[in-house]
Amino acid sequence: MPKVTIDGIEIEVPKGTTILQAARMIGPEVAPPTMCYYSKLKTSGGYCRTCIVKVTKGSAQNPNPMPKPVASCRTEVMDGMEVQNVTSPEIVEARKGVVEFLLINHPLDCPVCDQAGECKLQDLGYEHGSVKTRYEFKRREYDMIDIGDKIKLHMNRCILCYRCVKTCEQLTDGRVHGVVHRGDAAEISTYIEKAINNDFSGNVIDVCPVGALTDRTFRFKSRVWFTKPVDAHRKCDKCCGKTRVWLKGEEVLRVTARKDQWDEVEDFICNSCRYDHKKKSDWTIEGPSPISRQSVISQNHYEHLNELKVQALKQQKALGFMDINKRP
Amino acid sequence: MQLTNRSKVVSNKEQSFMERLYLPAVAKGMLITASHLFKKTPTTKYPEQTRPMAPVYRGQHVLKRDENGAERCTACGLCAVACPAEAITMESAERKKGEEHLYREEKYAKTYEINMLRCIFCGLCEEACPKEAIFLTDRIVDAEYEREDFVYGKDKLVEKTDKRIDVSKRQTLEVAEFKKIAGTKHNTLWDGKKQLKDKH
Numbered sequence: 001m002p003k004v005t006i007d008g009i010e011i012e013v014p015k016g017t018t019i020l021q022a023a024r025m026i027g028p029e030v031a032p033p034t035m036c037y038y039s040k041l042k043t044s045g046g047y048c049r050t051c052i053v054k055v056t057k058g059s060a061q062n063p064n065p066m067p068k069p070v071a072s073c074r075t076e077v078m079d080g081m082e083v084q085n086v087t088s089p090e091i092v093e094a095r096k097g098v099v100e101f102l103l104i105n106h107p108l109d110c111p112v113c114d115q116a117g118e119c120k121l122q123d124l125g126y127e128h129g130s131v132k133t134r135y136e137f138k139r140r141e142y143d144m145i146d147i148g149d150k151i152k153l154h155m156n157r158c159i160l161c162y163r164c165v166k167t168c169e170q171l172t173d174g175r176v177h178g179v180v181h182r183g184d185a186a187e188i189s190t191y192i193e194k195a196i197n198n199d200f201s202g203n204v205i206d207v208c209p210v211g212a213l214t215d216r217t218f219r220f221k222s223r224v225w226f227t228k229p230v231d232a233h234r235k236c237d238k239c240c241g242k243t244r245v246w247l248k249g250e251e252v253l254r255v256t257a258r259k260d261q262w263d264e265v266e267d268f269i270c271n272s273c274r275y276d277h278k279k280k281s282d283w284t285i286e287g288p289s290p291i292s293r294q295s296v297i298s299q300n301h302y303e304h305l306n307e308l309k310v311q312a313l314k315q316q317k318a319l320g321f322m323d324i325n326k327r328p
Numbered sequence: 329m330q331l332t333n334r335s336k337v338v339s340n341k342e343q344s345f346m347e348r349l350y351l352p353a354v355a356k357g358m359l360i361t362a363s364h365l366f367k368k369t370p371t372t373k374y375p376e377q378t379r380p381m382a383p384v385y386r387g388q389h390v391l392k393r394d395e396n397g398a399e400r401c402t403a404c405g406l407c408a409v410a411c412p413a414e415a416i417t418m419e420s421a422e423r424k425k426g427e428e429h430l431y432r433e434e435k436y437a438k439t440y441e442i443n444m445l446r447c448i449f450c451g452l453c454e455e456a457c458p459k460e461a462i463f464l465t466d467r468i469v470d471a472e473y474e475r476e477d478f479v480y481g482k483d484k485l486v487e488k489t490d491k492r493i494d495v496s497k498r499q500t501l502e503v504a505e506f507k508k509i510a511g512t513k514h515n516t517l518w519d520g521k522k523q524l525k526d527k528h
């Protein structure tokens, strides 16, 4: 079992683990951000370069450092490897450059975009980006494409992470969705805007890190932070039926798959769960979804306050205080 | 126990003859009243007269239109989430073909309401707005008879095309500087080629 040190923290991982997976095992503090890598999709990663790290010591046998930053999602760990992520100023600077490149053609239409508030590129730009752009040319522009009646493709916002292509390849049979053209002109497309007719095609919305693929049934309905996510389930013969339902009052505005702490889908859900069950009575609601307190989605939701209240009451009881909520 | 020395001791001392006449006291009072005739009145006769206001006074909101008369607001919801009083609500809709002269971007606010009774006029909505759509102006919110009338909809908030509201005083130096940065101009449609041509 190789031992690897990431940002000064040592961990023993199974052979064949990538640096990124090892960093995720340690925790979110040292895990590099990812835009294209998706642990649920095979062969994903290696396109965006957001997860670059510095390898200061190659391995125990060959202690030389690697000559340049490496993509941690594609580099396997070696025994005795030493890796720097956030502790290396060089990497922080390099990542800032990567974000600048990702944003070169991005239209920055966050006020219009439905993904705003849960967009990985927004988070990344906020953390690593610079305030001003140095790019002086016109941004590339495409027309909007309707992929079927449920998905909208904004090619302008796409960062070409290939996640949706891999999803279609691996989740659905008979791939109709891919990347055409090369380099600067590359674009996600179906063959002549052909609709994706597959039970799991809606998952491309969830895997998209930006607002390139969005749900047409949710289009401009509400901003994400005005809706309340709850975990819910129903009996579904196609998928696991475990979803996240986004409520506004009694209305179900949107259904998505549940996401874990890396913002990756826990279980892919079928289109029938996603689009056809927009009534609250269709779902058995388990409770509010865990949302980071720093996220804009938790704005004006006070679930965490309840938790604090319970804690405070426990403390008060332990200290022998009178319960102020109990009337004599 | 005496806490302060400001209390006056009440006495039952008998009044003197002059005091019992009351006339000198009346004359003294009248003199004070008459002297006010020649002093400057502090009253402002609103609405004929108005008091001078600070240029950055935070009064009734306005939803601005752009140079072409299209509404700037895209219903991004940042004002509503920034609002500490939760006074702002909105609903968005998609712009249809042929409405380009009405709305600036592909999304617009179908309804936009500010509850003026909840609003604390802090100006955070103005600060949050990425589209320079909402501004607080030096107009004062009118008095109403019904509480419902204080919920201002788009009819009261959006400026009329023939009656523009000047907010140039509120656009500070920092805002002007920000708008100069090439590529981040969100006020006018930026043409990169033209700017480059001008440069060379």
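Taken in order, these protein sequences are the chains called A and B.
Letter by letter, the first sequence follows residues 1 to 328 of the working numbering.
Letter by letter, the second sequence follows residues 329 to 528 of the working numbering.
Note that beta-carbon positions come from the ideal geometry of N, C-alpha and C, so glycine has one too.
Taken through DSSP and simplified to helix, strand or coil, I26 of chain A comes out as helix. Between the C-alpha atoms of K242 of chain A and I285 of chain A there is a straight-line separation of about 10 Å. Contact annotation for T372 of chain B against chain A: no contact, minimum CB-CB distance about 41 Å [criterion: below 7 Å]. Ranking A:G58, A:E118 and A:A212 by CA distance to the CA of S292 of chain A puts A:E118 first. Contact between K150 of chain A and G202 of chain A holds, since their C-beta atoms are separated by about 6 Å, short of 8 Å. Close partners of W225 of chain A in chain B (Cβ separation under 8 Å): G405 and V409. Using a C-beta cut-off of 8 Å, the stretch 128 to 145 of chain A makes contact with the stretch 100 to 120 of chain A, since at least three inter-stretch Cβ pairs fall below that distance.
Runs of the alpha helix (DSSP H) lying entirely within the stretch 116 to 190 of chain A, each at least 4 residues long, are 120 to 128 and 163 to 171 in chain order. Within the same chain, Cβ atoms closer than 6 Å to the Cβ of G178 of chain A are found at V165, the five residues on either side in sequence being excluded.
With 16 or more other Cβ atoms from the protein chains shown falling within 10 Å of its own Cβ, H277 of chain A counts as buried. In chain A, no part has a C-beta under 8 Å from the C-beta of E460 of chain B; the shortest such distance is about 11 Å. Annotated three-state conformation of E427 of chain B is coil, per DSSP. Just so you know, the alpha carbons of N156 of chain A and V230 of chain A end up roughly 31 Å apart. Under the DSSP assignment, P89 of chain A falls in the alpha helix (DSSP H) whose first and last residues are P89 to L102.
By the CB criterion at 7 Å, C270 of chain A and F218 of chain A fall outside the cutoff. By the C-beta criterion, the stretch 428 to 447 of chain B is judged to be in contact with the stretch 480 to 487 of chain B, since at least 3 inter-stretch pairs fall below 8 Å. T284 of chain A carries a strand assignment under DSSP once its states are collapsed to helix, strand and coil. Beyond the five residues adjoining it in sequence on each side, Y135 of chain A comes within less than 7 Å, by CB distance, of I104 in the same chain, given in chain order.
Annotated three-state conformation of L213 of chain A is strand, per DSSP. For E10 of chain A, the uninterrupted beta strand (DSSP E) run begins and ends at I9 to E12, by DSSP. With three or more CB-CB distances shorter than 8 Å, the stretch 2 to 11 of chain A counts as touching the stretch 63 to 83 of chain A. The DSSP-derived three-state label of P229 of chain A is strand.
Look at the stretch 416 to 434 of chain B: the residues with a C-beta under 7 Å from a C-beta of chain A are S420, A421, E422, E433 and E434. Between V390 of chain B and F449 of chain B, the C-beta spacing is not below 7 Å.
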